[in-house]
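Under the working numbering, the first residue of the sequence shown carries the number 1161, and numbering increases by one thereafter.
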Amino acid sequence: MVTAIGGPRILLRQLRETMAEPLASQERLDKIVDLIADNMRADVCSFYVLRDDGALELFATHGLKRDAVHLTTLRLGEGLVGLIAAEAEPLSLQNAPEHPAFAYRPETGEDPFFSFLGVPVLRAGQTLGVLVVQNQDRRIYGEDETEALLTTATILAEMISTADFDALITPGSDIDLRRPRMFEGVGFSEGIALGQVVLHDPRVVVTNFVADDTDAEKERLNEALKKMRVSIDDMLNSGDMQIPSDHREILESYRMFAHDRGWARRLEEAIDSGLTAEAAVERVQNDTRARMLRQTDPYLRDRLHDLDDLANRLLRILTGDGGDSGRDLPDNAILVARNMGPAELLEYDRTKLRGVVLEEGAATAHVAIVARSVGLVAVGQADSIVSVCENGDDIIVDGFSGQVHVRPSPDLEATYADKVRLSAKRRAHYAALRDKPAITTDGEPITLLHNSGLLADMDALKETGADGIGLFRTELQFMIASKMPRIKDQVELYTEAIRRTEGKPIVFRLLDIGGDKVVPYMRSMAEENPAMGWRSLRLALDRPGLLRTQVRALLQAANGGPLNMLVPMVTETVEFLKVKRVIEREAARMGKLGMLAPNPLKIGAMIEVPSVLFELDELLPETDFVSIGSNDLIQFLTAADRANPRVARNYDPIARPRLRALKQIVDAAARHNKPITMCGELAGRPLEALALLAIGMTRLSMGASSIGPIKEMILGLDLNALRADMEAFLTHGDRATTVREILMEIAERQRLSL
Ligand code: PEP
Ligand code: MG
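Below is the structure:
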């Protein structure tokens, strides 16, 4: 084995000096390949850059014919260089021409070189190019030489990403890093947004690559590792974490990696090769990301994600970069994240946000609901999008099709600008329906209501002309506050909400926190299954003070006028009665305090836990109205987590068994003469809304943007014909036909706009 002459550290120092010299880009590159060849005693050193057309262009060489620079190209996967780029793995060969992938390029004059060592040039796991050294003799490159070349590649990756090479690349092409990318996700919230990427969890940018003092860097690394381990241990030992949970599992795997000797050793080796501690983390992280992008096994992928997160933590400690707090957003910000909770989304300045793109998530997850509620375009399940985005990249989010375009071409941007104009037209068309009552062609009036939760989304009521607010999710206020809202704050919010409905009805749902609706200042125990855990009504009954305060605030806000309160997650009648008693007691107390009790005061129950379906005849007489929460009801009926994209879409919510369950509730409400509303996401989708109308529902509550399309559908609908067709289908229809199919047939027959 031959060892490099000057060693990697000397090379890095020389590279740093070269970077600082006032040279033209090509000259600088030529000098860099000369230095690498010299330092590694290689006959050849060549550097290829991946272009946006998938070709690897020779950018500089020492030892091959210079004429071939910017002329020779290899496709991804073609030749040894193409292979390294495609697999993002180093390749070391004693006899390169014998390798089956070897592709001979006569113009380069590379025939006499036998031994070959090539490494990918990676950034954030993306391959940007390939760096190669070759020798005439059949030499075996040692592991430390591979390391040295990988280290050098880290610096070249930085050069590629700072627009240094723009002028060098063959005219008409661009480097791959800035290639437009398209992702096929799932639309969570309709609309089209054009804007700039803001990474929710921004990568720490390493600027200082070359170490002056290796020992000092190792010391820094070890200090940072120690700090990180302590902080993970602290989190694991905190009271909340004593119970098994997803969060605990993540931390456990963090801890495992944080103590992983192999990882620490790789980091130290990278420092040994002359990098600073943070550059070493970045280098090792690059390999992890490259593996992550190739990994299809979901479990291993998650673990690699964990390791990536951990490396980011370590980088933050090393660079003192606290992350995103107080970041300035551009005016057209589009958040890009692996995933986030609804509270995290609400922490951003909403006046500047246009959209949100997630790698994970599901349409009925609360973050998606919040996005819809505040009018953000949202797309989820855009696999691996975070690693190809940089802050400030142009991005288009199409919430209708679920497509996301990163760094779109000007043509595509123009097309989308057209679509935006078109959707503005559609909005104008729906706005024109504003004052038209939603009455079917056979004269049945349908009540259309908004789902809401923040004052910011209430002004939409004026635009849509809807009949009121069918669901005001009061927990959103709790989620955006930094501390528990006091009674005074709550009274103010509810009073203002009532004022903004301008005499139309509004239904306040009592606190539905817990599950994924995390309230940051309320310490709760981590749970294995938060959706089925200590949430909503259960939490409210265990914390009577919290419930009482909210009830008092609502009673006061009504100021003697009408008040509708909706109790979430009712699992059995007794539970509902307990809350009803609290409310009635508080209402009775008002008179004694010289305040006016609401008139009328109506208390409703949400039907979203399957258990109450078997007690409807006991529950309904106790209620003034009921409201179906299809998001939770379908989740619990199908045992499929509404927030888990792998299962949430597997079950059609209007398939026979679910539709039958919904019909049972509708029929029970009719028997007991109680108003019934659908307030889950189903009501806002035209075909699903049609199913609801078909089984007898006439009150639908939905996100504001759905009112127009649903109203348009209703205006063309012959409801009696629909009901007759559906009745016939449900009693003796063909079992092989789905409800969805039959509804599409009916919609076509009735020429409905869906
Ligand atoms: C539901 O479960 O359908 C519902 C309306 O409540 P949330 O989505 O807030 O859980
Ligand atoms: Mg619910």
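A virtual CB, placed ideally from N, CA and C, is assigned to each residue, including glycine.
Query - Sequence ranges, beta strand (DSSP E) only - wholly within the segment 1794-1840, length at least 3 - result: 1836-1838
Requested in this report: Locate the alpha helix (DSSP H) running through Y1459, then write down its first and last residues.
Outcome: 1458-1479
Query raised in the report: Rounded to a whole number of angstroms, what is the C-alpha to C-alpha distance between V1727 and T1624?
Result: 27 Å
Report task. Tell me whether L1231 is buried or exposed, calling it buried when 16 or more other Cβ atoms sit within 10 Å of its Cβ. Result -> exposed
Query raised in the report: How big is the Cα-Cα spacing for L1447 and A1497?
Result: The residue you asked about is not Leu; residue 1447 is Asp in the sequence shown. Cα to Cα, D1447 sits roughly 21 Å from A1497.
Query raised in the report: Ordered along the chain, which non-local residues of its own chain (more than five positions away) have a Cβ less than 6 Å from that of H1526?
Result: P1502, D1676, K1677
Query - Coil, strand or helix - E1744 by DSSP - result: helix
Report task. Leaving aside the five residues before and after G1486 along the sequence, list all residues of the same chain whose C-beta is less than 8 Å from its C-beta, in chain order. Result -> Residue placement at G1486 cannot be trusted, given a pLDDT of 49 that sits under 50; the coordinates are not used to answer.
Requested in this report: Return the Cβ separation of V1279 and I1244 in integer angstroms, given the expectation that the two are a contact with Cβ distance under 8 Å.
Outcome: 7 Å
Query - Own chain residues within Cβ distance below 6 Å of A1620, not counting five before or after - result: A1864
Query raised in the report: Going along the chain, which residues of its own chain have a beta-carbon closer than 7 Å to the beta-carbon of S1349, five neighbours each way excluded?
Result: A1528, A1531, R1532, L1536, V1537, A1538, G1559
Report task. Give the secondary structure of R1173 by DSSP, where H, G and I count as helix, E and B as strand, and everything else as coil. Result -> helix
Requested in this report: Would you identify the three-state DSSP class for D1578, choosing helix, strand or coil?
Outcome: helix
Report task. Determine the direct distance from the alpha carbon of R1463 to that of F1632, and round the result to whole angstroms. Result -> 39 Å
Query raised in the report: Apart from the five residues just before and just after N1492, which ones in its own chain have a Cβ nearer than 8 Å to its Cβ?
Result: A1353, L1354, G1355, Q1356, K1512, R1514
Query raised in the report: In this structure, does DSSP put Y1681 in helix, strand or coil?
Result: coil
Query - In DSSP terms, what Q1716 is bridged to - result: Its beta-bridge partners do not exist; DSSP assigns none.
Query raised in the report: Three or more beta-carbon pairs under 8 Å between the segment 1221-1238 and the segment 1191-1208, yes or no?
Result: yes
Query raised in the report: When DSSP builds the beta bridges, which residues end up paired with C1205?
Result: H1222, V1293
Query raised in the report: What three-state label does DSSP hand V1357 in the structure shown?
Result: strand
Query raised in the report: Is it true that the CB of A1851 sits closer than 8 Å to the CB of L1819?
Result: yes
Report task. Compute every distance between the C-beta of G1789 and the non-hydrogen atoms of ligand 2, then say whether any falls below 7 Å. Result -> yes
Query raised in the report: To the nearest angstrom, how far is it from the Cα of D1484 to the Cα of E1247?
Result: Residue placement at D1484 is flagged as unreliable, the pLDDT there being 48, under the threshold of 50; a coordinate-derived value is accordingly withheld.
Report task. List the DSSP bridge partners of T1287. Result -> L1282
Query - Cut-off 8 Å between Cβ atoms - residues of its own chain near R1176, not counting five sequence neighbours on either side - result: F1369, V1370
Requested in this report: State the CB to CB distance for the pair G1840 and G1540, rounded to an integer number of angstroms; the pair is presumed to be in contact (CB under 8 Å).
Outcome: Going by Cβ atoms, the distance from G1840 to G1540 rounds to 18 Å, so no, they are not a contact pair.
Requested in this report: Drop a sphere of 10 angstroms on the beta-carbon of P1260, count the other beta-carbons inside from all chains shown, and report buried for 16 or more, exposed for fewer.
Outcome: exposed
Query raised in the report: With DSSP run on the structure shown, which of helix, strand or coil describes I1855?
Result: coil
Query raised in the report: Candidates Q1186, Y1208, R1173: which alpha carbon is nearest N1199's?
Result: R1173
Requested in this report: Kindly confirm or deny that the segment 1721-1737 and the segment 1694-1703 touch, where touching means at least three C-beta pairs closer than 8 Å.
Outcome: yes
Report task. Check whether the Cβ of D1212 lies closer than 8 Å to any Cβ atom in chain D. Result -> The chain labelled as chain D is not found in the depicted structure, where only one protein chain is given.
Query raised in the report: Heavy atom of ligand 1 less than 7 Å from the Cβ of D1915, yes or no?
Result: No answer is possible for residue 1915: the residues shown for the chain start at 1161 and end at 1914.
Query raised in the report: Counting Cβ pairs, one atom from each stretch, are 3 or more of them under 8 Å apart for the segment 1787-1794 and the segment 1766-1775?
Result: yes
Query raised in the report: Under a three-way DSSP split, which group does I1300 fall into?
Result: coil
Query raised in the report: Which of helix, strand or coil does DSSP assign to A1765?
Result: strand
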